[in-house]
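Taking it in order: structure first as structure tokens, then the write-up.
In this note's numbering, the protein residues as written are 6 to 222.
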């Protein structure tokens, strides 16, 4: 009986560990988020994921492929949660914007992951040799701004914003506030600090929403 147990144990010890793609992506995401694309080496990724380099190459082709997959993981997990708030038709335009920015403040300062926005954090300090990565990240910055503009366009059609208001200009402003919140979070700002920024933004929201209309008159 003991001999059979020893044989089973040896077989179990020698059995290769199954590669968990989602777990590897989550760990890679945290590394890229914390240290940026160029600040994260292949050896860092191997150590964090527990997978051998050939396994990562077989699954993602190269470091850029792994980064691309990790970025999509961020979009599906974190960006989608925040964007879902903008799709809540029960909230008026002001309430939806406030909920979106409160959710963003929480996301940027949660202790179980790096501070700030993944796109903004990883786009800093990129060299000229990382043009494709820079373009990928810039595309995501624009996608975030487009999502805000699309939301504002819908609410403008519902009469919640003046018809002559420039939704593109307002979306650009809001995107800049998001970027500023990310930088502040990266510098150590707390959730309360970012909520204070949101408080100020919502206090001047009537002026923001009507600014372009006033200029057009």
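For glycine and all other residues, C-beta sits at the position ideal for the given N, C-alpha and C.
- Shortest Cα-Cα distance from residue 84 to any of 154, 146 and 215 involves 146.
- Residue nearest to residue 198 within the set 177, 111, 215 and 58 is 111 (criterion: CA-CA distance).
- In chain order, 87, 90 and 91 place their CB closer than 7 angstroms to the CB of residue 105, counting only its own chain and leaving out the 5 sequence neighbours on each side.
- Of the residues 117, 107 and 148, the one whose Cα lies closest to the Cα of residue 125 is 148.
- The C-alpha of residue 34 is placed about 36 angstroms away from the C-alpha of residue 171.
- Put simply, the backbone Cα of residue 204 is about 47 angstroms away from that of residue 58.
- Comparing alpha-carbon positions, the option among 129, 47 and 120 lying closest to residue 70 turns out to be 47.
- In the DSSP assignment, residue 167 falls outside any alpha helix (DSSP H), carrying neither H nor E.
- Comparing alpha carbon positions, the residue from 116, 117 and 140 closest to residue 127 is 140.
- Sequence-distant Cβ neighbours of residue 42 in its own chain, meaning closer than 7 angstroms and more than five residues away, are 72, 127, 131, 135 and 138.
- Residue 61 sits away from residue 109, with the two beta carbons spaced by 9 angstroms or more.
- Pairing residue 167 with residue 39 gives a Cβ-Cβ distance that is not under 9 angstroms.
- With a 10 Å radius around the Cβ and a threshold of 16 neighbouring Cβ atoms, residue 102 comes out buried.
- Sequence-distant partners of residue 113 (beyond 5 residues in either direction) whose C-beta falls short of 7 angstroms from its own C-beta, in its chain, are 120, 121, 122, 186, 187, 190 and 199.
- In the displayed model, residue 119 falls within coil according to three-state DSSP, outside both helix and strand.
- The DSSP-derived three-state label of residue 24 is coil.
- Annotated three-state conformation of residue 42 is coil, per DSSP.
- Taking C-alpha positions only, residue 74 is separated from residue 24 by approximately 16 angstroms.
- In the DSSP assignment, residue 52 falls within the alpha helix (DSSP H) that extends over 47 to 54.
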